[in-house]
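>
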Amino acid sequence: MALLPKTGVSPIMTKMEKICVLGSGTVRMNSPVYRQAEELGRALARAGFSVYHGGYGGVMEAVAKGCREAGGHNSGVTIAGKRRPSNAKRHGNSLFVASHIPRKNPYTSAEIKVPSWEKRLLKLIEMGDAYVFLDGATGTMNELFFVWEMANRGLHAKPILLLGKELHQLVKFLKKNGMVKIPENFHRVATIQRVVKYLVERRGRD
C-alpha cells in the first residue's frame, strides 16, 4: 500500500486561526454556490479568521471577495509559472501544465506560489487549521478524500466541515456500504452560521 506523502501537517491540533475553504473553480458569479462562498468569506472575516484558498476562480474567487470586502485577510495558493496561449507549440509536458494554469482571481490579499498542482494541495492542507468544503467536481472530491484519509490515518486532527448539500448526499451514499470510516473531526454542517459558530467555539477551547 502506498504511503501518503509528508505534508508538514502535525497530528496535534493547532490554534484555530486559518480556515482553508475548498470548492469548485468553475461556478459562476451569482450562482447559489458562488453567493454561498462569498457570504462564507465575509462571515469568517468578521469572526476574525484568516482565509486560505486555491487562488483561482469560482468558490476561491468568491470566498476571497467576501473576505476582502469584510476587511479580512485571505491567501491564495497558486502554481508558479506563466499561463501560455492555448494554441502555443508544446514542448513535452511542461507547456501542457502551464497552459492549464487558471487565471488568478483579483481579490486575493496574498499569494503563495508552489511549483505543481500536487504541492498546491499539500500546501493548502498544511496551512489550514480547519477545512470547509463547498460543492464541487472531481478536483474538490480529490481534496476532500485526501484530507479525509489523512484524518482516518491519524495524520491530522483538524476539523473537516462539509457545507455543500451535494457533499452531504455523497457522504450519505458512501456510508451505506459500511466501508467508509467517519473520523471524529468530520462534520456535515447545514448553514454558514453553524460553520462559524463551530469554529469560534473550537478557537475558544484551544
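Here the numbering used here runs 1471 ahead of the position in the sequence shown, where the first position is 1.
Just so you know, even glycine gets a beta-carbon here, dropped at the ideal spot from N, CA and C.
Relative to the C-alpha of Arg1574, which candidate in Met1598, Thr1549 and Val1585 has its C-alpha closest?
Translated into positions along the sequence shown, residue 1574 becomes position 103. The shortest Cα separation from Arg1574 among Met1598, Thr1549 and Val1585 belongs to Thr1549.
> Distance check for Ser1521 and Ala1541, CA to CA, integer angstroms please.
The residue given as residue 1541 occupies position 70 in the sequence shown. The residue given as residue 1521 occupies position 50 in the sequence shown. Each residue's Cα considered, the two are about 12 Å apart.
> Using only CA atoms, which one of Ile1596, Leu1645 and Gly1528 lies nearest to Ala1628?
In the sequence shown, counting from the first residue as 1, residue 1628 sits at position 157. Cα-wise, what sits closest to Ala1628 is Ile1596.
> Using only the alpha-carbon positions, how far apart do Val1618 and Gly1649 sit?
Residue numbering aside, residue 1618 sits at position 147 when the sequence shown is read from its first letter. Residue numbering aside, residue 1649 sits at position 178 when the sequence shown is read from its first letter. Taking the straight line from one Cα to the other gives about 20 Å.
> Quick one: Cα of Ala1661 to Cα of Leu1634, how far?
For the purposes of this step, residue 1661 is identified with residue 190 of the sequence shown, where counting begins at 1. For the purposes of this step, residue 1634 is identified with residue 163 of the sequence shown, where counting begins at 1. Rounded to the nearest angstrom, the two C-alpha atoms are 6 Å apart.
> Hey, out of Arg1591, Met1500, Ser1502 and Asn1656, whose CA is closest to Tyr1523's CA?
On the sequence shown, position 52 is the one that residue 1523 refers to. It is Arg1591.
> Assuming Arg1539 and Ser1502 make a contact with CB atoms under 8 Å, what is their CB distance in whole Å?
As a first step, residue 1539 is located in the sequence shown; it is residue number 68 there, counting from the start. As a first step, residue 1502 is located in the sequence shown; it is residue number 31 there, counting from the start. That pair is no contact at about 19 Å.
> DSSP state of His1658, grouped into three classes?
Translated into the one-based positions of the sequence shown, residue 1658 becomes position 187. His1658: strand per DSSP, three-state reduction.
> Between which two residues does the beta strand (DSSP E) harbouring Lys1584 extend?
Against the sequence shown, residue 1584 aligns to sequence position 113. Segment Ala1581 to Val1585, the beta strand (DSSP E) holding Lys1584.
> Tell me whether the beta-carbon of Ala1508 lies closer than 8 Å to the beta-carbon of Val1534.
If you number the sequence shown from 1, residue 1508 lands on position 37. If you number the sequence shown from 1, residue 1534 lands on position 63. Cβ distance < 8 Å, so Ala1508 and Val1534 count as in contact.
> Taking the alpha-carbon positions, what's the Asn1623 to Gly1525 distance?
Against the sequence shown, residue 1623 aligns to sequence position 152. Against the sequence shown, residue 1525 aligns to sequence position 54. Answer to the nearest angstrom: the Cα atoms are 24 Å apart.
> Exposed or buried, Asn1543, counting other C-beta atoms within 10 Å across all chains shown (16 or more means buried)?
Against the sequence shown, residue 1543 aligns to sequence position 72. What sits at residue 1543 in the sequence shown is Gly, not Asn. Label assigned to Gly1543: buried.
> Thinking just about the alpha-carbon of each residue, which of Tyr1669, Gly1607 and Met1598 is nearest to the one in Cys1491?
Residue numbering aside, residue 1491 sits at position 20 when the sequence shown is read from its first letter. For the residues Tyr1669, Gly1607 and Met1598, the minimum Cα distance to Cys1491 belongs to Met1598.
> Tell me, which residues are paired with Ile1631 by DSSP?
As a working note, residue 1631 is residue 160 in the sequence shown. Bridge partners of Ile1631: Tyr1602 and Phe1657.
> Between Lys1652 and Met1621, what straight-line distance do the alpha-carbon atoms span, to the nearest angstrom?
For the purposes of this step, residue 1652 is taken as residue 181 along the sequence shown, with counting starting at 1. For the purposes of this step, residue 1621 is taken as residue 150 along the sequence shown, with counting starting at 1. If you take the alpha carbons of Lys1652 and Met1621, they lie about 12 Å apart.
> Kindly list the residues whose CB is nearer than 8 Å to the CB of Asn1576, restricted to its own chain and excluding five residues on each side of it in sequence; keep chain order.
For the purposes of this step, residue 1576 is identified with residue 105 of the sequence shown, where counting begins at 1. So the qualifying residues of the chain are Gly1526, Tyr1527, Gly1528, Met1531, Glu1532, Ala1535, Lys1536 and Gly1547.
> In chain order, which continuous runs of the beta strand (DSSP E) of length 3 or greater are located wholly inside the segment 1507 to 1537?
1521 to 1524
> Return no unless some Cβ of chain B is closer than 8 Å to the Cβ of Gly1542.
Among the chains in the structure shown there is no chain B, since it carries only a single protein chain.
> Take the Cβ of Glu1582 as the centre, count every other Cβ of all protein chains shown within 10 Å, and call the residue buried at 16 or more, exposed below.
Counted from its first residue, the sequence shown places residue 1582 at position 111. It is exposed - the Cβ of Glu1582 has fewer than 16 other Cβ atoms within 10 Å.
> DSSP state of Ile1490, grouped into three classes?
For the purposes of this step, residue 1490 is taken as the residue at position 19 of the sequence shown. Ile1490 falls in the strand class under three-state DSSP.
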